[in-house]
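What follows is a single structure, written as structure tokens, with notes after it.
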Ligand SMILES: [Zn+2]
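Numbering (UniProt numbering), first residue to last: 1 to 117.
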């Protein structure tokens, strides 16, 4: 009887060391920094409101002025159709029927227009 002198083991597969990663360094993907300037400001109303003046580059409280707009003419036309001819000029005197122009108090430039129609 022969004693098994060798165990039937397969050839030892040496643990292959992890090959050196050719990409040893993790490339840092630098996303372009997008700075989105979001001005969270209230939409213009018919009164002085906070807004950003692109000319002065600052936040200001607008100065308002009222000008005759589409709403004014619509009310005039409505009064005309109703036959209230003497009342037709009333919308031109009421600020609540006019468009509101928002100006910058510093540079006096028109920033926004609040249209009622
Ligand atoms: Zn300004």
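Glycine residues also receive a C-beta, built at the ideal position from the N, C-alpha and C atoms.
All of these numbers come straight from a predicted model, not from anything done at the bench.
Residues sharing a beta bridge with residue i, DSSP
i, result
"residue 117", "In the DSSP output, where bridge partners are listed per residue, residue 117 has none listed."
"residue 60", "51"
"residue 102", "64 and 112"
Cβ shell of residue i (< 7 Å), same chain only, five flanking positions each side left out
i, result
"residue 74", "117"
"residue 101", "64, 65, 67, 110 and 113"
"residue 46", "100 and 114"
"residue 79", "87 and 88"
Buried/exposed call for residue i, threshold 16 Cβ in 10 Å
i, result
"residue 72", "buried"
"residue 60", "buried"
"residue 91", "buried"
"residue 65", "exposed"
"residue 111", "buried"
"residue 97", "buried"
"residue 44", "buried"
Any chain C beta carbon closer than 8 Å to residue i
i, result
"residue 77", "In summary, chain C is missing from the structure at hand, where a single protein chain is found."
Beta-carbon contacts of residue i that lie in its chain and below 8 Å, excluding the five residues immediately before and after
i, result
"residue 38", "Interpretation of residue 38 is limited by its pLDDT of 49, a score under 50 that renders its predicted location unreliable; the figure taken from the coordinates is listed afterwards. Contacts found: none."
"residue 106", "53, 56, 58 and 60"
"residue 95", "46 and 66"
Distance between beta carbons of residue j and residue i, contact taken as under 8 Å
i, j, result
"residue 62", "residue 103", "6 Å"
"residue 69", "residue 115", "6 Å"
6 Å Cβ shell around residue i - same chain, five flanking residues per side excluded
i, result
"residue 76", "88 and 91"
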